[in-house]
Amino acid sequence: MELANNETLQADFEKLDPREYIIIKGARVNNLKNLSVAIPRNQLVVVTGLSGSGKSSLAFDTLFAEGQRMYVESLSSYARQFLGRMEKPEVDYIKGVSPAIAIEQKVNTRNPRSTVGTTTEIYDYMKLLFARIGKTISPVSGEPVSRDTVSSISDEIHKREEGARFMILAPLHKQKGRTLKKELELLLSKGYTRIVAEEEVLYIEDILDQVKELEKKQICILIDRASVQKDDEDNQFRISDSIQTAFFEGHGECIVDFVDEKRISFNDKFEKDGIVFEEPSVNLFSFNNPYGACRTCEGFGKVLGIDEDLVIPDKTLSVYEGAIAPWKGETMRLWLEPLLKNGIKFDFPIHRPYEELTEAEQQLLWTGNKYFDGLNAFFKHLESKLHKIQYRVMLSRYRGRTICPDCKGTRLRKDAGYVKINKASIIELVLKPIDQLIAFFDQLKLDEYDQKVAGRILKEIENRLQYLMEVGLGYLTLNRLTSTLSGGEFQRIKLATSLGSALVGSMYILDEPSIGLHPRDTRKLVGVLKTLRDLGNTVIVVEHEEEVMLEADQIIDVGPDAGVHGGEMVFQGKLEALKKADNTHTAKFLNGTNEVKVPAQRRKWKNSIVIKGAKENNLKISEVKIPLEVLTVVTGVSGSGKSTLIKKVLYPALAKIIGQGSTESTGKLDKLEGDYKKVKSIEFVDQNPIGKSSRSNPVTYVKAYDAIRQLFADQGLSKQRGYKPAHFSFNVDGGRCEMCQGEGIQKIEMQFMADIELTCESCGGKRFKNEILDITYQGKHIAEVLDLTVEESLEFFEKQTAVVNKLKPLFDVGLGYIRLGQSSNSLSGGEAQRVKLASYLGKGGSTKHDHNLFIFDEPTTGLHFHDIKKLLESINALIEQGNSVIIIEHNMEVIKTADWIIDLGPEGGENGGQITFEGLPEDMVRLKGNHTADYLKGKL
Numbered sequence: 010m011e012l013a014n015n016e017t018l019q020a021d022f023e024k025l026d027p028r029e030y031i032i033i034k035g036a037r038v039n040n041l042k043n044l045s046v047a048i049p050r051n052q053l054v055v056v057t058g059l060s061g062s063g064k065s066s067l068a069f070d071t072l073f074a075e076g077q078r079m080y081v082e083s084l085s086s087y088a089r090q091f092l093g094r095m096e097k098p099e100v101d102y103i104k105g106v107s108p109a110i111a112i113e114q115k116v117n118t119r120n121p122r123s124t125v126g127t128t129t130e131i132y133d134y135m136k137l138l139f140a141r142i143g144k145t146i147s148p149v150s151g152e153p154v155s156r157d158t159v160s161s162i163s164d165e166i167h168k169r170e171e172g173a174r175f176m177i178l179a180p181l182h183k184q185k186g187r188t189l190k191k192e193l194e195l196l197l198s199k200g201y202t203r204i205v206a207e208e209e210v211l212y213i214e215d216i217l218d219q220v221k222e223l224e225k226k227q228i229c230i231l232i233d234r235a236s237v238q239k240d241d242e243d244n245q246f247r248i249s250d251s252i253q254t255a256f257f258e259g260h261g262e263c264i265v266d267f268v269d270e271k272r273i274s275f276n277d278k279f280e281k282d283g284i285v286f287e288e289p290s291v292n293l294f295s296f297n298n299p300y301g302a303c304r305t306c307e308g309f310g311k312v313l314g315i316d317e318d319l320v321i322p323d324k325t326l327s328v329y330e331g332a333i334a335p336w337k338g339e340t341m342r343l344w345l346e347p348l349l350k351n352g353i354k355f356d357f358p359i360h361r362p363y364e365e366l367t368e369a370e371q372q373l374l375w376t377g378n379k380y381f382d383g384l385n386a387f388f389k390h391l392e393s394k395l396h397k398i399q400y401r402v403m404l405s406r407y408r409g410r411t412i413c414p415d416c417k418g419t420r421l422r423k424d425a426g427y428v429k430i431n432k433a434s435i436i437e438l439v440l441k442p443i444d445q446l447i448a449f450f451d452q453l454k455l456d457e458y459d460q461k462v463a464g465r466i467l468k469e470i471e472n473r474l475q476y477l478m479e480v481g482l483g484y485l486t487l488n489r490l491t492s493t494l495s496g497g498e499f500q501r502i503k504l505a506t507s508l509g510s511a512l513v514g515s516m517y518i519l520d521e522p523s524i525g526l527h528p529r530d531t532r533k534l535v536g537v538l539k540t541l542r543d544l545g546n547t548v549i550v551v552e553h554e555e556e557v558m559l560e561a562d563q564i565i566d567v568g569p570d571a572g573v574h575g576g577e578m579v580f581q582g583k584l585e586a587l588k589k590a591d592n593t594h595t596a597k598f599l600n601g602t603n604e605v606k607v608p609a610q611r612r613k614w615k616n617s618i619v620i621k622g623a624k625e626n627n628l629k630i631s632e633v634k635i636p637l638e639v640l641t642v643v644t645g646v647s648g649s650g651k652s653t654l655i656k657k658v659l660y661p662a663l664a665k666i667i668g669q670g671s672t673e674s675t676g677k678l679d680k681l682e683g684d685y686k687k688v689k690s691i692e693f694v695d696q697n698p699i700g701k702s703s704r705s706n707p708v709t710y711v712k713a714y715d716a717i718r719q720l721f722a723d724q725g726l727s728k729q730r731g732y733k734p735a736h737f738s739f740n741v742d743g744g745r746c747e748m749c750q751g752e753g754i755q756k757i758e759m760q761f762m763a764d765i766e767l768t769c770e771s772c773g774g775k776r777f778k779n780e781i782l783d784i785t786y787q788g789k790h791i792a793e794v795l796d797l798t799v800e801e802s803l804e805f806f807e808k809q810t811a812v813v814n815k816l817k818p819l820f821d822v823g824l825g826y827i828r829l830g831q832s833s834n835s836l837s838g839g840e841a842q843r844v845k846l847a848s849y850l851g852k853g854g855s856t857k858h859d860h861n862l863f864i865f866d867e868p869t870t871g872l873h874f875h876d877i878k879k880l881l882e883s884i885n886a887l888i889e890q891g892n893s894v895i896i897i898e899h900n901m902e903v904i905k906t907a908d909w910i911i912d913l914g915p916e917g918g919e920n921g922g923q924i925t926f927e928g929l930p931e932d933m934v935r936l937k938g939n940h941t942a943d944y945l946k947g948k949l
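Under our numbering, read the sequence shown as residues 10 to 949, first letter to last.
Next comes the structure, spelled out in structure tokens:
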């Protein structure tokens, strides 16, 4: 169905069968301009177009919103009471909508307890598996721990030959405050007639007067005397009954004494080697339950402790040169003096750099000795003075989140690790990467009974692990926090979870699932999307990646441009036909009419930062140079260690050295060398939201709102009424609508569904009181100004330089389509990242003397080729101002423009973490068998 016959199709809309097509007629949500489209069912459909052209408005705000609304309509009257107010997408009609499942990029959990294992439900099945078939192993002897039961003792007795005689005994436990005579009298009253003292059987009545002689002997109660009779059922019942009685009288102990054999002692407690163990249960393996959580960190895996990297930020300094940061001031130097004076007495090298000290010498600085008090004593002293504010401030400067010393970050109580399956505990398994975990379950050998019990559970675990592998996440561990995942990883986890539940006849709507994937892994992802389609689902993907378009059954291109210039359907059909079209930006980039140009020459560099001995996670790097004042791109397959090297090692280590501080703990490395002192500040431009609250928005983030509020406060009517700039703020009382507190929406919490956001009835979503809306500038009140797009506002405020200067960078980074007052919650990760970039550009970057290092984590997220071109211009502007830029990226358009490439690999997870290439793109394409080089060849 190409565009040509799509026009006749518009007229024929009424004749289409909703069982074959999902039909949208006249969509006008956000910037969509009366867009009509028929999407064929049970196909893989890619919606593409420039950032802000209306792709998400079509897929999410129209199609998914209607699917969700129709679903809620079928619910109880309780849920439906809000439905009259749940807005219908602005559209003539939508026919043929299936139940809709949206898988977005937003990592919408900040829960510090949520992990990959709990999100995918694999951990729930593993808890069940260990509770059902786990064997507790004693850490002392390495022997399995088991409790004796009546039937297991009866079985042991019946292993003897027919007629073998034996006694069933229970040790006599004397109650506190009772004499032996009193105990024996009590036994008589209970109906027992004999005891066994050492080996001798005695009648209780006969010895009541000679109790003194028995005081020092070991005494057992004789419960029963019997012989082995294998075919006598009554005899077997009698033996079982006697064992039960022995357990009761012996407080859990029972002794069987065979004639001419050594006594055998049995115990119904779950203990071994003098330790009483907890019996495996689901709660024992749950860190979200007080019973199973580590006592120290309460199941969080981290505790608030003293961060060694903050105490000793520069490990190249010696103790004498001031390596210990808290002992630098005049007052605190008193703690250092004894060490400097007496160091010679215990042979401590005060002039040797901290990094060259032995482990014992480094430890000594913390523990101290008789000559000086160590750092531990120093921080204890600070804690005792917390009533004084200066000590509180000082202590907070050196605190950070550190791995819990008890559970080593696994969150579970220690004895959960004693329960094992095939010599592996659940703690060991959650720390293994998923690809190794699959291998473990593949090789798992169970006996017939365990296989019967665990068969179904194992099937569920293996299926879910397999889906995670298929979406390219084999390098993650189940213990990894969900909040530390990138948007793309989180989306693919949700995709794998959806596959695990395998619905049919649904409509899956995905928002750029290829984010964070190397082109090699994108192929696997496409396979997963096709699996979903082949099950009988309609899969609609908002995507810019060429690999995904190649495999699509249909491509819908929305455009032609962004914002107000978009919102029309410019193409629908197959990829081959799209390449021949010339009316869309996508077509021009696919057929080579337009392109991101390769720079005529690469920038040369002299200075660099050298990272030595990086060993965090899967890194195995002895040395790598990060050039300064050029564009460095860090590449490699997903999970090869790119983010670990830059985000976990370089960023926190450098931030702490240059005194910028970082609450992040620094990844393991030997040292930083090179010209790092040239860097004055380090900016990490990631994809986290630009603000925590829904009130935060782009115009406040780039500091343009201050000038706009001042402008409104300067109007004549404002001055008459005494309005100040604060009256035009929705963050403080005064001018904002008090019903919704300036939010414009009211949130209704639905008990078993996502919360519903409804427009505020008092202000109609305008956020301000009516009297504030009387004040206008050039015919628009403040709510109308906040509703302008960045592009429109540049025209509207053209005479106001203060406003234009702040807003222009947003337009330069390709965000001309976003609205000034748009809530930051509604921005994608890539958009949030570009707002941050615009904010730095808006500060005028820096002067030549002030050298900043900018780190970008996949800035092409959500960007069309056309916008990548714009973005690279902005990033190059930062470098021209004398800054350095590092980009972690998979996009070949960015990689080919790099001045320097650092490639990690060769694979992900355990098989990654090595430097496979450092150098120019032209040199890289000569490599054989390098995944990045293979895809880069076609671009140079």
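Glycine is no exception: its CB is placed at the ideal position from the N, C-alpha and C atoms. Given the structure is predicted, the values throughout are model-derived calculations rather than measurements.
C-beta contact flag for residue i and residue j at 8 Å
{"i": "Tyr80", "j": "Pro108", "result": "yes"}
{"i": "Lys845", "j": "Val694", "result": "yes"}
{"i": "Gly683", "j": "Val642", "result": "no"}
{"i": "Val688", "j": "Leu850", "result": "no"}
{"i": "Ile911", "j": "Val633", "result": "yes"}
DSSP three-state assignment for residue i, whether helix, strand or coil
{"i": "Phe450", "result": "helix"}
{"i": "Lys225", "result": "coil"}
{"i": "Val619", "result": "strand"}
{"i": "Met341", "result": "coil"}
{"i": "Thr382", "result": "One detail in the question is off: residue 382 reads as Asp in this sequence, not Thr. It is a strand residue."}
{"i": "Leu587", "result": "helix"}
{"i": "Ser649", "result": "coil"}
{"i": "Lys857", "result": "Caution applies to Lys857, whose pLDDT of 48 falls short of 50 and renders its modelled position unreliable; the model cannot decide the point."}
Status (buried if at least 16 other CB within 10 Å, exposed otherwise) for residue i
{"i": "Tyr710", "result": "buried"}
{"i": "Thr856", "result": "Because the pLDDT of Thr856 is 45, which lies under 50, any placement of that residue in the model is unreliable, and the question is left without a value."}
{"i": "Lys239", "result": "exposed"}
{"i": "Asn14", "result": "The pLDDT assigned to Asn14 is 43, lower than 50, so where the model puts this residue is not dependable; a value taken from the coordinates is nonetheless given after this. When all chains shown are included, Asn14 counts as exposed."}
{"i": "Leu720", "result": "buried"}
{"i": "Ala5", "result": "Lying outside 10 to 949, the shown extent of the chain, residue 5 is not represented and no answer is given."}
{"i": "Ala140", "result": "buried"}
{"i": "Leu929", "result": "exposed"}
{"i": "Ser86", "result": "exposed"}
Start-to-end residues for the beta strand (DSSP E) that takes in residue i
{"i": "His657", "result": "Here residue 657 is Lys; the residue named in the question, His, does not match the sequence. Taken as a continuous stretch (DSSP letters only), Lys657 belongs to no beta strand (DSSP E), as it is neither H nor E."}
{"i": "Ile230", "result": "Ile228 to Ser236"}
{"i": "Thr768", "result": "Ile765 to Thr768"}
Bridge partners - residue i, DSSP secondary structure assignment
{"i": "Asn276", "result": "Glu262"}
{"i": "Leu862", "result": "Ile691 and Ser893"}
{"i": "Phe580", "result": "Asp566"}
{"i": "Gln923", "result": "Gly914"}
{"i": "Gly928", "result": "Ile910"}
{"i": "Val56", "result": "Val551 and Ile565"}
{"i": "Asp520", "result": "Val551"}
{"i": "Pro49", "result": "Tyr30"}
{"i": "Thr376", "result": "DSSP lists no partner for Thr376."}
Opening and closing residue of the alpha helix (DSSP H) in which residue i lies
{"i": "Thr128", "result": "Val125 to Thr128"}
{"i": "Lys728", "result": "Gly725 to Arg730"}
{"i": "Val812", "result": "Thr810 to Asp821"}
{"i": "Met135", "result": "Ile131 to Ile142"}
{"i": "Gly76", "result": "Ala74 to Glu82"}
{"i": "Lys168", "result": "Taken as a continuous stretch (DSSP letters only), Lys168 belongs to no alpha helix (DSSP H), as it is neither H nor E."}
Cβ of residue i within 8 Å of any chain B Cβ
{"i": "Lys225", "result": "Checking the listed chains, one finds no chain B in this structure; it contains a single protein chain."}
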